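Below: one structure, written as structure tokens.
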Amino acid sequence: MTRTENRARYPHQDDPSSNRCASRFRRGRGQLLHRRRIRRGALIGLVALPVTGGTVIAFALSASGGSAPRNASYEAVAGPGHGRGMSQDGAFDQAAGGATADSILQHYYPGAQLGTIAPTTVRVRLTVYDNETLDVYSDSGLTVAGRRVVAGQAAHLTPTPDGGANVVVTIGCDGDVLWQGSTDDPWAYPVDPGSDRPAAEQLKVCDGSGFRGALGVTEDNGAPVTVNQLDVDDYLQGVVPAEMQANWADKGAAEALRAQAIAARSYALAEHRYPYAQTCDTTDCQMYPGTDKEDPRAADAVHSTAGQVLLRDGRILRTEYSAAPGGGQPIDIATLEVGPAPAQLQSIPVPAAPVPAAPTPVDPEKAVRASTVIDTKYAESGGAAGPLGDPMGPESLLPGRGGTFRLYRGGVIIATPTLGAQIVDYARLLQLAPGATRSAGPDAADRVTPGDTPAPGTAATPTPPGTSAAQVATGRPDAAGAESAEQPPTDPPAAGVAPDHTASDPVAGPQPGE
1127 MTRTENRARY PHQDDPSSNR CASRFRRGRG QLLHRRRIRR GALIGLVALP VTGGTVIAFA
1187 LSASGGSAPR NASYEAVAGP GHGRGMSQDG AFDQAAGGAT ADSILQHYYP GAQLGTIAPT
1247 TVRVRLTVYD NETLDVYSDS GLTVAGRRVV AGQAAHLTPT PDGGANVVVT IGCDGDVLWQ
1307 GSTDDPWAYP VDPGSDRPAA EQLKVCDGSG FRGALGVTED NGAPVTVNQL DVDDYLQGVV
1367 PAEMQANWAD KGAAEALRAQ AIAARSYALA EHRYPYAQTC DTTDCQMYPG TDKEDPRAAD
1427 AVHSTAGQVL LRDGRILRTE YSAAPGGGQP IDIATLEVGP APAQLQSIPV PAAPVPAAPT
1487 PVDPEKAVRA STVIDTKYAE SGGAAGPLGD PMGPESLLPG RGGTFRLYRG GVIIATPTLG
1547 AQIVDYARLL QLAPGATRSA GPDAADRVTP GDTPAPGTAA TPTPPGTSAA QVATGRPDAA
1607 GAESAEQPPT DPPAAGVAPD HTASDPVAGP QPGE
């Protein structure tokens, strides 16, 4: 096949934006890089859970019908992808020629066994939201910190060092603050934790993607991380069409999609990248854009292979694959890493917090606002009769969503997890959080005049010396540079979660629903 013919048949190969390589030995920084080996130390901090094991119905897969010999050595394949394990383009050719998913896998992973697992979950680090708070909502509402957040409201979670989270609930993603507090359960839960739920029940990141399952926050070296925990087949509904073109099913290659589903399921469950998540959302692991690329043809491939994984010596095989053209080559499976045995997987549903009874539908614009730390500080200062006087607008989020503030006739109250509630004058607000007036509304600058005499009592509770604009904007003492405070984020926020569980692992911290 000529290169022109190849491009016409597989146009994604020449599309630099295509997610064609799920990968394993990744081409990067000018060379082919090997992923780090799993170290025992990476397992520290995980919790053992009771499980019900999957039953292995194993049979040897052997090379057949024109395949390379069983012990064929790895041969590099030119073109996109690393060429190890299944070639997605080769899978297309074989499927279009009448091969089944099983025979495709036999060809690329000779000597592997086919096994089954019980229903299980997977945790995915959503690196696209690294270093951001988690700003989440759902068209059907959600639960966070034991509270029901109804449609039309959003929850903002910032992880804390103790494994919990600070939570702010607002009208919409950037509207008035309705409630804020802290929780030791740093997860946002959908109204129904079951698998394969309709789109209206899925969680959505403000200005970002939709996700099945639960979303939570944790810290990684002090920085916020967001994790998605969901049923493994819900996860695959996002992975398969992101890694392989779903329209191949219309070109006589539906079996290639089924082979992809089994390989992707095996790869994810054999991974163990972080103490809080097994895998990630980029091609360094497998491409996972949430629900954005879901397709019924890919979903059919996932459902028709439910529970099927590849094994080596009874343990789940980390099945590397890529888009290497020219068919690719079989791989010596002894060179691939393995994960847990099927019986070691946690066979529990997506974490489910006790969901409060659904409240009577409320118009978000008329929602009753709960008392906040700013309200408490305002009351302590004397309320409307005190030096601050009457409020000049609603409580609003600081740029960066690291805290909240409220304008009064005689000053401003700022609240962040690091600083607590502080009374400052308007000039100090602009100094610490230059973008705050945009959050308060277009006429905020006209309501309180910079340079007005500071409210009496302002100096009694000064902002701590050395406080930077970045600290106020993010609410984190380690934030550096004022630039982050000057520009509100344009990408969806991120956060973190609780540690991963596999059998025989010690407890590392609070888990979903605990």
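Under our numbering, the first residue of the sequence shown is numbered 1127, with each subsequent residue one higher. Backbone N, C-alpha and C define an ideal beta-carbon position, used for all residues, glycine too. None of the values given here were measured: they were computed from a predicted structure.
The alpha helix (DSSP H) enclosing residue i, as first and last residue numbers
{"i": "A1382", "result": "1380 to 1396"}
{"i": "A1505", "result": "1499 to 1506"}
Contact belief for residue i with residue j at Cβ below 8 Å, rounded distance in angstroms
{"i": "G1453", "j": "T1417", "result": "Not really, about 32 Å apart at Cβ, beyond 8 Å."}
{"i": "T1253", "j": "T1408", "result": "6 Å"}
{"i": "Q1220", "j": "I1230", "result": "5 Å"}
{"i": "V1550", "j": "T1405", "result": "Not a contact, Cβ separation roughly 44 Å."}
{"i": "P1367", "j": "E1327", "result": "Contact flag wrong, Cβ pair sits at about 20 Å."}
{"i": "K1377", "j": "A1222", "result": "7 Å"}
{"i": "P1456", "j": "H1233", "result": "6 Å"}
{"i": "R1399", "j": "T1431", "result": "Not quite, the Cβ-Cβ distance comes to about 24 Å (not below 8 Å), so this is no contact."}
{"i": "T1530", "j": "Q1306", "result": "7 Å"}
{"i": "G1209", "j": "Y1235", "result": "With a Cβ gap of about 14 Å, G1209 and Y1235 do not count as contacting."}
Cut-off 7 Å between Cβ atoms - residues of its own chain near residue i, not counting five sequence neighbours on either side
{"i": "G1536", "result": "P1513, L1514, G1515, A1581"}
{"i": "S1507", "result": "P1513, L1514, I1549, G1583"}
{"i": "P1287", "result": "E1345"}
{"i": "R1643", "result": "With the chain covering only 1127 through 1640, there is no way to say anything about residue 1643."}
{"i": "V1428", "result": "D1359, L1362, Q1363, V1366, A1387"}
{"i": "Y1504", "result": "L1514, I1539"}
Opening and closing residue of the beta strand (DSSP E) in which residue i lies
{"i": "V1295", "result": "1291 to 1297"}
{"i": "T1408", "result": "Run containing T1408: none; DSSP gives neither H nor E here."}
{"i": "T1344", "result": "1340 to 1346"}
{"i": "Q1412", "result": "From DSSP, Q1412 is part of no beta strand (DSSP E); its letter is neither H nor E."}
{"i": "Y1400", "result": "Taken as a continuous stretch (DSSP letters only), Y1400 belongs to no beta strand (DSSP E), as it is neither H nor E."}
{"i": "V1550", "result": "1546 to 1550"}
{"i": "L1304", "result": "1303 to 1309"}
{"i": "P1316", "result": "1313 to 1316"}
{"i": "D1288", "result": "Counting along the chain, D1288 falls outside any beta strand (DSSP E), and DSSP gives it neither H nor E."}
{"i": "V1275", "result": "1273 to 1275"}
Paired residues, beta bridge with residue i - DSSP
{"i": "H1282", "result": "D1261, V1294"}
{"i": "Q1371", "result": "Note: Q1371 sits in no beta bridge, so no partner."}
{"i": "A1325", "result": "According to DSSP, A1325 bridges with nothing at all."}
{"i": "A1424", "result": "According to DSSP, A1424 bridges with nothing at all."}
{"i": "R1532", "result": "I1539"}
{"i": "S1335", "result": "Per DSSP, none; premise fails for S1335."}
{"i": "K1330", "result": "Y1263, G1336"}
{"i": "Q1355", "result": "R1249, A1340"}
{"i": "A1511", "result": "A1511 is not bridged to any residue."}
{"i": "L1523", "result": "T1530"}
{"i": "A1349", "result": "D1346"}
{"i": "P1517", "result": "Y1534"}
Nonlocal neighbours in the same chain, by C-beta distance under 6 Å from residue i, ignoring five residues either side
{"i": "D1322", "result": "none"}
{"i": "A1382", "result": "A1217, F1218, A1221, W1374"}
{"i": "C1411", "result": "T1405"}
{"i": "A1467", "result": "G1440, R1441"}
{"i": "G1433", "result": "T1242, I1243"}
{"i": "R1423", "result": "A1372, A1375"}
{"i": "G1342", "result": "P1312, W1313, V1353, V1623"}
Proximal residues to residue i (C-beta, below 8 Å), its chain only, five neighbours per side dropped
{"i": "R1444", "result": "R1150, S1392, Y1393, A1396, E1397, L1462, E1463, V1464, G1465"}
Within the region 1431 to 1481, note down every full beta strand (DSSP E) run reaching 3 residues or more, in order along the chain. 1434 to 1438
What are the start and end residues of each continuous alpha helix (DSSP H) run of 4 or more residues lying completely inside the region 1205 to 1270, in chain order? 1214 to 1222, 1227 to 1234
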